[in-house]
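Structure, as structure tokens:
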Amino acid sequence: MALSLSSSETNALLDDANQCVRACYEIAESVLGQPFVLPTITLNQRGKIAGCAKLQQNHLRLNASLFKENKEEFLDVVIPHEVCHLLTYQLYGRVKPHGREWKGLMNNLYGLPGKATHSMDVSSVSQATFPYRCNCGPVELTIRRHKKVQKGVQYFCRRCKTQLEPI
634 MALSLSSSET NALLDDANQC VRACYEIAES VLGQPFVLPT ITLNQRGKIA GCAKLQQNHL
694 RLNASLFKEN KEEFLDVVIP HEVCHLLTYQ LYGRVKPHGR EWKGLMNNLY GLPGKATHSM
754 DVSSVSQATF PYRCNCGPVE LTIRRHKKVQ KGVQYFCRRC KTQLEPI
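Its first residue numbered 634, the sequence shown is counted upward by one per residue in the working numbering.
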């Protein structure tokens with residue numbers, strides 16, 4: 634279950650995120666020799682995703698629960714990762730999300746490897762799953778898909794192509 638944060642905790646995380654983003658942009662502006670508009674930031678990313686860059690809106694969505702639990706990794710890796718997505722879009726337009734342009738900025742600006750995923754513990758934000766089966770074995774469905782099945786939606790196994798049945 635996701636953590637519930639007080640407004641003071643949320644404000645403190647937002648302050649930390651804004652300070653980190655400003656530092657990332659100062660580095661980018663110094664190295665690249667051009668100004669950039671700072672993005673807006675919200676702490677409304679849900680699920681197992683640490684952060685998401687909304688390119689056209691120049692906006693960062695961060696996962697408050699994961700941020701609180703992994704503050705150092707967020708400040709050192711996640712926020713620079715998402716900032717690089719925004720910078721890549723502003724410099725190169727629409728290119729592969731984790732392509733060579735993005736990897737180059739990650740390495741040249743922040744000295745970070747261009748890794749697309751995080752390895753943080755997500756047990757606190759993981760949702761309950763429901764057991765189903767197909768011809769090749771058991772499968773777990775999220776509550777969203779489970780409720781859709783209850784309303785008549787059919788799901789099929791990606792491997793054996795048979796319909797998933799509740800256990």
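Note that beta-carbon positions come from the ideal geometry of N, C-alpha and C, so glycine has one too.
Counting along the chain, the unbroken alpha helix (DSSP H) around A697 starts and ends at A697 to E702.
Within the same chain, Cβ atoms closer than 6 Å to the Cβ of E734 are found at T721, Y725 and V728, the five residues on either side in sequence being excluded. Judged by DSSP secondary structure, G666 falls outside any alpha helix (DSSP H); it is assigned neither H nor E. Shown here, P672 sits in coil according to DSSP, grouped into three states, outside any helix or strand. With a cut-off of 8 Å on Cβ pairs, the region 680 to 687 is not in contact with the region 653 to 671, counting fewer than three such pairs.
Here DSSP, grouped into helix, strand and coil, assigns T643 to helix. L708 and L647 have their C-alpha atoms spaced approximately 11 Å apart. Rounded to the nearest whole angstrom, the C-alpha separation of N741 and V654 is 17 Å. Of all alpha-carbon atoms in S640, E659, N677 and F700, the one lying nearest the alpha-carbon of F669 is that of E659.
Rounded to the nearest whole angstrom, the CA to CA distance from H779 to F763 is 7 Å. A Cβ-Cβ separation of about 6 Å places I712 in contact with A650 under the 8 Å criterion. In this structure, Q678 keeps its C-beta atom at 9 Å or more from the C-beta atom of A656.
Listed in chain order, the alpha helix (DSSP H) elements of length 4 or more contained wholly in the region 706 to 752 are 712 to 725 and 733 to 743. Taken atom to atom, the span from the alpha-carbon of V710 to that of G785 is near 42 Å.
A distance below 6 Å between beta-carbons, with the five flanking residues on each side excluded, links C793 to the following residues of its chain, in chain order: C767, N768 and C769.
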